[in-house]
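Written out below as structure tokens is the structure these notes cover.
In our numbering, the protein residues as written are 46 to 513.
Structure (structure tokens):
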């Protein structure tokens, strides 16, 4: 590891890392929590629908394939945190910086565009998804009191506002390094609602209710039309592929790790742990959910009322989803915050409004750091994402398209290309051919998923009504 700058005193060398920043304290455990928080979203409860489109053969195979692809490319990416040597090289604190230093040219701008458009889209999507779970809680109680056929319509947008207010408060947390507790809480919540979904599926299966499943999933002419089968298959493959991706925040997560053991080794351990936990829950939710609901599996069996009773357990599951998304929003928003704040600090280093921090002591919380620019800009960002979520309630389909567009460059192309350059892999060697083939395969998946998402957006636009 490179030694601290000689200008640091002995005391400061124990307080600062080799790049002059305050010593990082993260471990593979906290990094694993960040990964699980970023990866396991409420989409885990829609995997039963995805498996229903693919069937008993293709469903599990695709789940395994994309878990392995994500695991492999994420390990390649973790080796690029320092360059040119993965252990003693210079830190690349951002994905864009990493691409710029290793690949050069203009590729880093394309990387930044894909990364930050995806991050913004995800934060908007989480605002919508959290409101859906909050609405589901209210509707669940309504159905319990008035019967399953009652009209329990509830608008989403008031709950989006509530979610936004919570995010304004949490956005005052200065950076990723102080988010570990929130990520650990969010990871626990994801285990909670996934476990509830699994438990309810097992109970439904044990109840003996007959549902129709098949080796190839939904049946043309019975469950879906020929065109629906094609589009749904594309969407389900894309959903599974994107469900594993966390490359948009991997570098920022790795930048929280302390220097010993080497960051790349700790990050690989965290990646293996996070992806293994994720795959286990994905397989259980997807396969047990398909077994419970068959080819009629709902898009989300907690918010789509695959289960009505016990209503209190469904409510708890949706509460867990909301709490998880509160933390996940911050994991995806922090890189956006850091990009703007770092750029402004670099541009106007003498401006106290941008750079000066105040220490505020709060009862039961302790001292916190407040910066006026940070507080105002982050508040405006949350208001912006909340407003877009309200006027575009079908934005999840757009997020699916953004995910499709960003999956290939961020999860596959840049990690493989940077590995080829940094490891100096000879052209046309077995490794070179293998990585290029992997990139081409994933590009095809991305194009198919993007086509499916566009079809979904076109369909939803036909019935679009703001504030509904």
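Even for Gly, the Cβ is constructed at its ideal location relative to N, Cα and C.
In the DSSP secondary-structure assignment, residue 414 is bridged to 404.
Around residue 276, the same chain offers 497 and 500 as residues with beta carbons nearer than 6 Å, after the five sequence neighbours per side are excluded.
The Cβ neighbour count for residue 204, taken over all protein chains shown within 10 Å, is at least 16; the residue is labelled buried. The beta carbon of residue 175 sits closer than 6 Å to those of 208, 367 and 370, all from its chain and outside the five residues before and after it, given in chain order. If one requires a minimum length of 4 residues, the alpha helix (DSSP H) runs lying completely within the segment 432 to 494 are 440 to 452 and 459 to 467, in chain order. Looking at the DSSP output, residue 61 bridges to 67. Taking C-alpha positions only, residue 395 is separated from residue 211 by approximately 32 Å.
Sorting 333, 428, 487 and 393 by C-alpha distance to the C-alpha of residue 97 places 333 at the top. Using a Cβ distance threshold of 8 Å, residue 374 and residue 258 do not count as a contacting pair. Spatial neighbours of residue 455 in its own chain (CB-CB distance under 8 Å, excluding positions within 5 residues in sequence) are listed in chain order as 140, 156, 159, 160, 163, 290, 292 and 293. The three-state reading of DSSP puts residue 96 in helix, counting H, G and I together. In the structure shown, residue 260 falls within a coil segment according to DSSP collapsed to helix, strand and coil.
Taking every protein chain shown into account, the CB of residue 234 has 16 or more other CB atoms within 10 angstroms, so this residue is buried.
With respect to the C-alpha of residue 431, the residue from 213, 109 and 185 having the closest C-alpha is 213. For the 8 Å CB-CB criterion, residue 81 and residue 232 form a contact. Put simply, the backbone Cα of residue 198 is about 36 Å away from that of residue 382. Between the C-alpha atoms of residue 138 and residue 262 there is a straight-line separation of about 44 Å.
Residue 327: member of the alpha helix (DSSP H) spanning 308 to 338, first to last residue. The DSSP-derived three-state label of residue 216 is coil.
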